[in-house]
Each structure stands twice: as structure tokens, then as C-alpha cells.
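Asks:
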Amino acid sequence: MATFEKKNIPNIISVFRIVLVPLYVLLFFGVIPWGEPLISSGIVFIVAGISDLADGYLARRNNWITDVGKLLDPLADKLLELAVTLCIAIRFGNAFILLAAITVIKEGVMIVGAFIILRHGKFAVSSVWYGKAATFAWFLTVLIMSFIPSAVAWGQYLCIALIGFMAFAFIMYVIHFKDVIAKTWKELHKDKGAKASMTEAEETK
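To convert, note that position 129 of the sequence shown is 132 in the numbering used here; the numbers rise steadily by one, no gaps.
1. Using 8 Å as the Cβ pair cut-off and three pairs as the minimum, do the stretch 130-145 and the stretch 167-181 touch?
2. Assuming the contact rule is C-beta atoms closer than 8 Å, residue 13 and residue 58 should be a hit. Round their C-beta distance to whole Å, please.
3. Which same chain residues end up closer than 7 Å to residue 163 when comparing Cβ atoms and leaving out the 5 residues on each side of it in sequence?
4. Quick check: the stretch 85-101 against the stretch 66-75, are at least 3 beta-carbon pairs closer than 8 Å?
5. Taking residue 85 and residue 107 to be in contact with their CB atoms under 8 Å, please state how far apart those CB atoms are, rounded to whole angstroms.
6. Give the DSSP-derived three-state secondary structure of residue 59 in the structure shown.
7. Alpha carbon to alpha carbon, how far is residue 147 from residue 167? Give it in angstroms, no decimals.
8. Which residues in the same chain have their Cβ closer than 6 Å to the Cβ of residue 45, if we skip the five residues on either side of it in sequence?
9. Can you tell me the Cα-Cα spacing of residue 32 and residue 23, whole angstroms?
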């Protein structure tokens with residue numbers, strides 16, 4: 004019989020955040036009738052944000068860091084970001100469609116890049132101020148679109164500003180990790196060269 008361990012509390016909170024993602028979508032489109040769709044889904048978004056802060060705080064404060072948690076936490080974050088951005092793009096269109104496209108591309112690039120770098124470079128990505136600032140700007144934009152109806156009129160300009168800030172953060176990340184990227188690139192080519200040499204050696208036998 005499995006026993007409960009306190010170190011798994013952050014993981015449980017991360018799973019809770021993942022469960023909130025489909026709930027947000029259903030509320031946003033009014034599939035679940037609970038008040039005004041934007042406001043009710045916005046409340047779920049706030050709960051998800053608070054739970055994100057809670058599991059991160061508990062994990063760091065008590066050293067409740069597990070391999071499962073390293074997977075669940077970023078997975079919950081990315082699922083929420085993608086779901087919320089796509090929902091807002093469908094509802095408000097225009098610049099928000101561009102934001103959704105950029106978000107999907109950005110997350111795809113970061114997931115593939117992180118996998119390659121971790122496999123070959125073996126380093127831990129540290130948080131930097133512009134990454135946190137971009138996340139905060141995104142969070143603030145979603146809150147404004149959810150709870151201030153008049154924002155629909157000027158929300159497109161807010162979205163364009165957010166896209167610019169996200170582009171800035173992405174460029175800064177590339178500059179910040181350029182040495183790691185260069186090292187990983189060399190490792191990839193070294194592996195390809197080694198495999199090619201092995202293939203040639205086998206063919207000459």
C-alpha cells in the first residue's frame with residue numbers, strides 16, 4: 004500500500020492545475036454555465052496562478068523537489084498558457100491570433116530546445132528577470148481581458164505590446180544562453196561525425 008509523503012504535495016498541486024485547464028476552457032465558452040463566462044474562467048485562471056505560486060514556494064522552502072515535479076510543474080504551466088491564449092484568440096481575434104501563433108511556436112521551440120540541451124549540454128535553466136517579467140505581463144493581460152469588459156476596445160494594442168515584450172524576452176534568453184547553445188551545437192555535430200565514422204567503418208568490414 005502506497006504511503007503519502009509530504010514531498011508530493013507540490014506534485015498534487017501541479018496535477019490540480021492541470022485539471023483546471025479543461026475547466027477553464029469549458030467555463031470560457033459557456034459549456035459549463037456559471038455566471039459570465041469571462042469572469043468565471045478568469046476566477047479559475049487566478050486560482051491556477053495562486054496554486055502555481057504555492058507549489059513553487061512549498062517545493063523550494065521544504066526542498067520537496069522530485070523528478071516527477073520537475074516534469075509536472077512546467078507541463079501544467081505550458082498547458083495553461085496554451086489553453087488560455089488559444090481561447091482568447093478565438094474570442095477576440097486579430098492581434099490575439101498572432102499572439103497564439105507565437106505562443107505555440109515559442110513553446111514548441113523551447114520544448115525541443117530544452118530536450119536537446121539537457122540531453123547534450125546537461126545544464127539547469129535559471130530564471131531571469133525578463134522571463135519573469137514576460138510571464139507577469141501575460142498574466143496581467145489575461146486578467147484585464149477577463150475582468151475589464153471595456154478592455155476589448157483597446158486590448159489589441161495591449162496584445163501587440165505583449166508580443167513585443169515576449170520577443171524581447173526570447174532574444175534575451177538566446178543571448179543569455181548563447182554559450183550553452185554553441186556548446187550543444189558542437190556536441191550535436193560531434194555525435195553526427197562519430198556516427199558517420201562508425202557507419203563508414205562498418206561498411207569497410
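Heads up, the beta-carbon is just placed ideally off N, CA and C, and yes, glycines get one too.
Replies: In terms of the structure at hand:
1. Contact between the stretch 130-145 and the stretch 167-181 is present, with at least three C-beta pairs closer than 8 Å.
2. Here residue 13 refers to the residue found at position 10 when the sequence shown is read from its first residue. Here residue 58 refers to the residue found at position 55 when the sequence shown is read from its first residue. Contact annotation, residue 13 with residue 58: C-beta distance approximately 4 Å; criterion of less than 8 Å satisfied.
3. Counting from one through the sequence shown, the residue named residue 163 turns up at place 160. Within the same chain, residue 163 has close Cβ partners 98.
4. With fewer than three CB-CB distances shorter than 8 Å, the stretch 66-75 does not count as touching the stretch 85-101.
5. Mapped onto the sequence shown, residue 85 falls at position 82. Mapped onto the sequence shown, residue 107 falls at position 104. By a beta-carbon distance limit of 8 Å, residue 85 contacts residue 107. Their separation comes to about 7 Å.
6. Position 56 of the sequence shown, counted from the start, is the residue given in the question as residue 59. In the structure shown, residue 59 sits in a helix (DSSP, three-state: H, G or I).
7. Working through the sequence shown from its first residue, we reach residue 167 at position 164. Working through the sequence shown from its first residue, we reach residue 147 at position 144. Spanning the two alpha carbons is a distance of roughly 18 Å.
8. Reading the sequence shown from its first residue, position 42 is the one you call residue 45. So the list reads 149, 150, once near-sequence residues are dropped.
9. Here residue 32 is taken as the residue at index 29 of the sequence shown, counted from 1. Here residue 23 is taken as the residue at index 20 of the sequence shown, counted from 1. Distance between the alpha carbons of residue 32 and residue 23 is about 14 Å.
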